[in-house]
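Undergrad: Below: one structure in structure tokens.
In the working numbering, the protein residues as written are 5 to 421.
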């Protein structure tokens, strides 16, 4: 194994996602030399993949509601957003030549709905500003002298730096670089780490072979979901989801995933009740389904009287016994409150994002670790979570900016005047 050692003249940033890139940009505007290290062959890979279906940058809802999307961490993340919020993110994109618009759902997208032009323009601007990129450098922690260790195609390399920003991502989508390998290295140095968990994820239910075989991939829309939070309070939300071969996923489920995951951790299971016909009342369904069906099959009767067919009808067959299917009142109640018993969240590698990571209490208000002076953290490796809809990206940008500011100030204080 070959080994090389270097001492970059300025700030070292590890991780080329939005948080790391924003930290780099922020530090450069303060006149700090920046070397950015990325494990993959190019930066922003998860950013590009996330933008394949339309790059959802942020959300246009009012600030007070926006901040509440961060749940238990609303106070801390809200402070980041005080410095760099959704409007600031849109202005930043505009400065890169990317106009944005607010969609009907309130989500904010680039005008061309693409992530690649924004990322290309951003990386070009960073290079022009003097940021030095080092790809194929996978961080391996610290050596016995406190130097940063990197695995590279040419062998291991050590880098000594007085100021470091870690923006290593969480544990989802490990093939793109976010594998959570950093957690034990930080824990060994006394950093308080909350266990990484899947967030914005699907759940296993355990369908019959028939439903799994014939309806996996089928969308459920529109539907509404009832669930109870940790305090036992019931909530209702309408949206869309998708049947999978093992259970259920999709935007509606992702929005509830934190509550559902925590319920499973507490009770060993969680119950999600679906309203398969949110546009019809229970009374109307009971009336329509009580009509004689004559020679028509139950499926045809259900389609004509309740407007249900395909996967929604299949879910009723899955949940009810044959005698129950003959009782219009029982069927109507099942349509309005179909119980789904969730066994477990899907593996973290499949999740859109993760919860857990470096606890925010381990950082000061400039994102520096209390126990590791000169080491700052940003992005999804921190212990916060949010639903999809632009909230994840916005907080990553905002935390990167704050870490960049903190790291630049720390470095300047260390440097001879």
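Glycine included, each C-beta is placed from N, C-alpha and C at the ideal position.
Using CA atoms only, rank isn't needed, just tell me which of 15, 24, 10 and 16 is closest to residue 402.
TA: 24
Undergrad: What residues are listed by DSSP as bridge partners for residue 247?
TA: 252
Undergrad: Is the beta carbon of residue 329 closer than 8 Å to that of residue 335?
TA: It is a contact, given that the beta carbons lie within the stated cut-off.
Undergrad: Is there a Cβ from chain C that is less than 8 Å from the Cβ of residue 250?
TA: The structure shown contains no chain C, having only a single protein chain.
Undergrad: Taking the alpha helix (DSSP H) that residue 51 belongs to, which residues open and close that run?
TA: 49-54
Undergrad: Measuring only the C-alpha atoms, how far is residue 68 from residue 244?
TA: Rounded to whole angstroms, residue 68 and residue 244 show a C-alpha spacing of 25 Å.
Undergrad: Going by alpha carbons, who is nearest to residue 406 out of 12, 374 and 27?
TA: 27
Undergrad: Does the beta-carbon distance from residue 97 to residue 122 come in below 8 Å?
TA: yes
Undergrad: Is DSSP giving residue 26 helix, strand or coil here?
TA: helix
Undergrad: Less than 8 Å separating the beta-carbons of residue 129 and residue 100?
TA: For residue 129 and residue 100, yes; Cβs fall inside 8 Å.
Undergrad: Check residue 302 in the structure and name its three-state DSSP category.
TA: helix
Undergrad: Considering only the beta carbon of each residue, do residue 348 and residue 247 sit closer than 8 Å?
TA: No. Outside cutoff.
Undergrad: So for residue 192, helix, strand or coil by DSSP?
TA: DSSP places residue 192 in helix when its eight states are reduced to three.
Undergrad: Indicate the three-state DSSP secondary structure (helix, strand or coil) for residue 178 in the structure shown.
TA: helix
Undergrad: Give me, in chain order, the residues of the same chain whose beta-carbon lies closer than 6 Å to that of residue 222; leave out the 5 immediate sequence neighbours on both sides.
TA: 247 and 315
Undergrad: Count Cβ pairs between the region 142-161 and the region 69-88 that sit closer than 8 Å; are there 3 or more?
TA: no
Undergrad: Buried or exposed: residue 199, going by 16 or more other Cβ atoms within 10 Å of its Cβ?
TA: Its Cβ having fewer than 16 others within 10 Å, residue 199 is exposed.
Undergrad: On the DSSP bridge list, what partners appear for residue 203?
TA: 357
Undergrad: CB residue 396 to CB residue 357, shorter than 8 Å?
TA: yes
Undergrad: Return the bridge partner residues of residue 348 from the DSSP annotation.
TA: 208
Undergrad: For residue 153, write down the residues that DSSP places opposite it in a beta bridge.
TA: Residue 153 pairs with 162.
Undergrad: Assign residue 94 to one of three DSSP states: helix, strand, or coil.
TA: The three-state reading of DSSP puts residue 94 in helix, counting H, G and I together.
Undergrad: Could you pull the start and end residues of the beta strand (DSSP E) that residue 225 belongs to?
TA: 223-232
Undergrad: With residue 213 as the anchor, note down where its alpha helix (DSSP H) starts and where it stops.
TA: 213-219
Undergrad: Alpha carbon to alpha carbon, what distance is there between residue 376 and residue 162?
TA: Looking at the two C-alpha atoms, the distance is approximately 18 Å.
Undergrad: For residue 136, report the span of its beta strand (DSSP E) as first-last.
TA: 136-138
Undergrad: Can you give me the Cβ contacts of residue 324 inside the same chain, cut-off strictly under 8 Å, excluding the 5 residues immediately before and after it?
TA: Once the five neighbours on either side are set aside, the close Cβ partners of residue 324 are 334, 335 and 338.
Undergrad: Starting from residue 88 and walking both ways along the alpha helix (DSSP H), at which residues does that stretch end?
TA: Neither: residue 88 is in no alpha helix (DSSP H) and is coded neither H nor E.
Undergrad: State the CB to CB distance for the pair residue 261 and residue 204, rounded to an integer number of angstroms; the pair is presumed to be in contact (CB under 8 Å).
TA: 6 Å
Undergrad: Provide the residue span of the alpha helix (DSSP H) that contains residue 414, from first to last.
TA: 395-418
Undergrad: Let me check understanding here. Comparing Cα to Cα, which of 11, 39, 275 and 296 lies closest to residue 231?
TA: 275
Undergrad: Do residue 197 and residue 344 have their C-beta atoms closer together than 8 Å?
TA: Not closer than 8 Å, so no.
Undergrad: Thinking C-beta only, is residue 317 closer than 8 Å to residue 303?
TA: yes
Undergrad: Give the DSSP-derived three-state secondary structure of residue 69 in the structure shown.
TA: helix
Undergrad: Classify residue 132: buried if its beta carbon has 16 or more other beta carbons within 10 angstroms, exposed otherwise.
TA: exposed
Undergrad: Whether or not the region 212-227 and the region 373-390 are in contact is what I'm after, with contact meaning three or more pairs of Cβ atoms, one per stretch, closer than 8 Å; do they touch?
TA: no
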